[in-house]
Amino acid sequence: MPETKRFAIVVSEGTFDKAMMSMMMGNTAASMGIETHIFFTFFGLNLLKKGAKPKMPGIYRFFTGMMIKKMKGIGLEGFKEQLDMAKDLGVKLYACSTSMEIMGIKKEDLIDDVTVLGAAAFLNIGVESEMQLFIG
Amino acid sequence: MPETKRFAIVVSEGTFDKAMMSMMMGNTAASMGIETHIFFTFFGLNLLKKGAKPKMPGIYRFFTGMMIKKMKGIGLEGFKEQLDMAKDLGVKLYACSTSMEIMGIKKEDLIDDVTVLGAAAFLNIGVESEMQLFIG
Amino acid sequence: MPETKRFAIVVSEGTFDKAMMSMMMGNTAASMGIETHIFFTFFGLNLLKKGAKPKMPGIYRFFTGMMIKKMKGIGLEGFKEQLDMAKDLGVKLYACSTSMEIMGIKKEDLIDDVTVLGAAAFLNIGVESEMQLFIG
């Protein structure tokens, strides 16, 4: 029986493009049987807030709706649906505890099934993983 | 005989700086005998379009020419030449199939010797690699 | 006795957020006994200049002071203090030699205890590391 592979992702930006890439890579990995861990830090933490609606970066923010429509057109789910899918697939979602303190975000501001974690605990997962990506 | 190391890069931005860094890291690795795979996704996909001329980000776009001149001054090739070098060195270049669909980019819009690949196939390469970087 | 783990970070942006994340992740890892290497390239190289005072990105630059104050409020040191801490913890700091040439930065422009290194030498460290992140 092959050993389970692990994949650790850090998300440090809260924009739509980085949000979607972390979700799509994480969900694809999880559906392949890879144990997937996503750590949301700095601006990325905003993605875990209840009702988060990430926008494209800078002046592209006005094209977010168009991008969502294009994605729907080829059968891709939106960000909220991707987050729900992540939970269903068993992807572990972590909120960086230091970022929560800096930005004054409380556990109850976040969606359900998120684990609050410090950088040390996440790095422990990272060094034991076969693949790590910093998306931000 | 030492085992061949593998290096997997994801490029998600189409700006000159990220383009050059992925090429220079990829080509350096390949010339060291490291098996190198570069996956171009989202905005990064634009770099594989025929005739792509990436610009520096935001307001720095007007300084792209100056940056290219500085690089030439110390013997660094431009982006197109780096891409050609990558092919010569055997670097594998992949276009993200989902990004192609979203952005309406067809295989014939891309330069030669590019393989169209899904995220799952790339993640398979990634978890089997000794090093992975997300440049974007 | 467990083998020492290694962590290789590339920093390619010179903004406050990316600067702090690389320092906080690097210092946390080093304090856990992980051998930590940080390679500063492109805009990231500016962080190693004497007296560097990184700012938040884009229009957020005006909020850098507020962010520093918030961080101080929860006991987080500023960038300069984090750099000093990195040295005390034995984190290896590298300046990308090619970036120095492009930007006309000399060794004496940089803070002490920085090693000038080429991409090939850094990639050698990277492929032998258990974890790699590209912060930029």
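Protein sequence lines correspond, in order, to chains V, G and Y.
First residue of the first sequence: 2, per the numbering used here; consecutive thereafter.
First residue of the second sequence: 2, per the numbering used here; consecutive thereafter.
First residue of the third sequence: 2, per the numbering used here; consecutive thereafter.
The C-beta atom is built at its ideal place from N, Cα and C for all residues, glycine as well.
In this text, all values refer to a predicted model and were calculated from it rather than measured experimentally.
Query                                                                                                                                                                           : Result
Decide if Glu14 of chain G is buried, meaning its Cβ has at least 16 other Cβ atoms within 10 Å, or exposed.                                                                    : buried
Taking the alpha helix (DSSP H) that Met132 of chain Y falls in, what are its first and last residues?                                                                          : First-last for Met132 of chain Y: Met132 to Ile136, but that is the beta strand (DSSP E), not the alpha helix (DSSP H).
Which bits of chain V does Leu124 of chain G rub up against, with CB to CB less than 8 Å?                                                                                       : Phe8, Met26, Thr29, Ala30, Met33, Ile35 and Met132
Going along chain Y in order, which residues have a C-beta closer than 8 Å to the C-beta of Phe64 of chain G?                                                                   : Here the premise fails: no neighbours, minimum Cβ distance about 12 Å.
Go ahead and label Gly127 of chain Y buried or exposed: buried means 16 or more other beta carbons lie within 10 angstroms of its beta carbon, across all protein chains shown. : buried
Three or more beta-carbon pairs under 8 Å between the segment 106-121 of chain G and the segment 112-124 of chain V, yes or no?                                                 : no
Would you kindly check if the distance between the Cβ of Gln83 of chain V and the Cβ of Leu134 of chain Y is under 8 Å?                                                         : no
Can Asn28 of chain Y and Leu118 of chain Y be called in contact, C-beta distance under 8 Å?                                                                                     : no
Less than 8 Å between the C-beta atoms of Met72 of chain G and Ile106 of chain Y, yes or no?                                                                                    : no
Mind pulling the chain Y residues with CB within less than 8 Å of Thr42 of chain V?                                                                                             : Met22
Would a check of beta-carbon distances place Ile39 of chain G closer than 8 Å to chain Y?                                                                                       : no
Kindly say whether Lys51 of chain G, judged by its beta-carbon, lies nearer than 8 Å to any beta-carbon of chain Y.                                                             : no
Going along the chain, which residues of its own chain have a beta-carbon closer than 7 Å to the beta-carbon of Ala30 of chain V, five neighbours each way excluded?            : Phe8 and Thr37
Where does Ile10 of chain G sit, in a helix, a strand or coil, going by DSSP?                                                                                                   : strand
Could you give the distance in angstroms between the alpha-carbon of Lys70 of chain Y and the alpha-carbon of Ala96 of chain V?                                                 : 22 Å
With 16 other CB atoms within 10 Å as the buried threshold, where does Phe41 of chain G fall?                                                                                   : buried
Grab the span of the alpha helix (DSSP H) containing Ile103 of chain G for me, first residue to last.                                                                           : Ser98 to Met104
With a cut-off of 8 Å, does the C-beta of Phe135 of chain V fall near any C-beta of chain G?                                                                                    : yes
Which residue's Cα is closest to the Cα of Ser100 of chain G: G:Leu46, G:Met57 and G:Pro55?                                                                                     : G:Leu46
Quick one: give me the first and last residue of the alpha helix (DSSP H) that Glu4 of chain Y is part of.                                                                      : Counting along the chain, Glu4 of chain Y falls outside any alpha helix (DSSP H), and DSSP gives it neither H nor E.
In chain order, what residues of the same chain lie with their CB nearer than 7 Å to the CB of Phe64 of chain Y, ignoring the 5 residues before and after it?                   : Met57
Any idea what DSSP makes of Leu111 of chain V, helix, strand or coil?                                                                                                           : strand
On a CA-only basis, which of G:Leu77, G:Leu49 and G:Ile75 is nearest Lys88 of chain G? Give me that one, please.                                                                : G:Leu49
Which residues does DSSP pair with Glu36 of chain G in a beta bridge?                                                                                                           : G:Arg7
Taking the alpha-carbon positions, what's the Gly141 of chain Y to Gly52 of chain V distance?                                                                                   : No answer is possible for residue 141 of chain Y: the residues shown for chain Y start at 2 and end at 137.
Give the list of continuous beta strand (DSSP E) stretches no shorter than 3 residues that lie fully inside the segment 42-101 of chain V.                                      : 93-97
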